[in-house]
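Numbers given in our numbering equal positions in the sequence shown, counted from 1, plus 367.
Using N, Cα and C, we set each Cβ at its ideal position, and we do this for glycine too.
Quick caveat, the model's predicted, so the values are computed rather than measured.
Comments concern the structure below.
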Amino acid sequence: MAEQYTEEQVEEIKNKILEALENVIDPELGIDIINLGLVYEIIFDDSGLTEIKMTLTTMGCPLADLLTDQIHDALKEVKEVTEIKVNLVWYPAWSVDKMSRYARIALGIR
368 MAEQYTEEQV EEIKNKILEA LENVIDPELG IDIINLGLVY EIIFDDSGLT
418 EIKMTLTTMG CPLADLLTDQ IHDALKEVKE VTEIKVNLVW YPAWSVDKMS
468 RYARIALGIR
């Protein structure tokens, strides 16, 4: 039977997931997928199923499989996560506006 998490616990788990995803580095840009603004949504349910809705910097980016593998590896560190689904979405389209201030500074973008 699935554990019942409170809303507060779910938020804490999502924060752990977010922290773990900060270790997934885009090899082309050298910055993590969170600061790049590639992760649009994290959905976590009581069964431990975790869905990551994300995009890539460009359609047809050859790194989709590599990043998906890195996401699976990173989320092994979050004990509440039992199953992972990575869904690539293309809307809204990614732009540099989605990057954090840190990512823009690191890449020299104003």
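Proximity of residue i and residue j at Cβ, strictly below 8 Å
i: Asp399; j: Glu389; result: yes
i: Ile392; j: Val406; result: no
i: Glu416; j: Glu450; result: The amino acid occupying residue 416 in the given sequence is Leu; Glu does not appear at that position. Their beta carbons are under 8 Å apart, which means Leu416 touches Glu450 by this criterion.
Minimum C-alpha distance to residue i - residue among the options
i: Leu455; options: Tyr372, Ile401, Thr435; result: Thr435
i: Arg471; options: Ile401, Cys428, Glu375; result: Ile401
DSSP bridge partner residues for residue i (one or two, in chain order)
i: Asp393; result: Ile398
i: Lys446; result: None; Lys446 has no bridge partner.
Expected contact under 8 Å - CB spacing of residue i and residue j to nearest Å
i: Tyr372; j: Asp413; result: 6 Å
Cβ neighbours of residue i in the same chain (closer than 8 Å, five flanking residues each side left out)
i: Arg477; result: Arg471
i: Lys452; result: Leu416, Thr417, Glu418, Ile419
Contacts around residue i, its chain only, beta-carbon distance under 7 Å, and the 5 residues preceding and following it disregarded
i: Trp457; result: Thr422, Met426
Own chain residues within Cβ distance below 6 Å of residue i, not counting five before or after
i: Trp461; result: Thr422, Thr424
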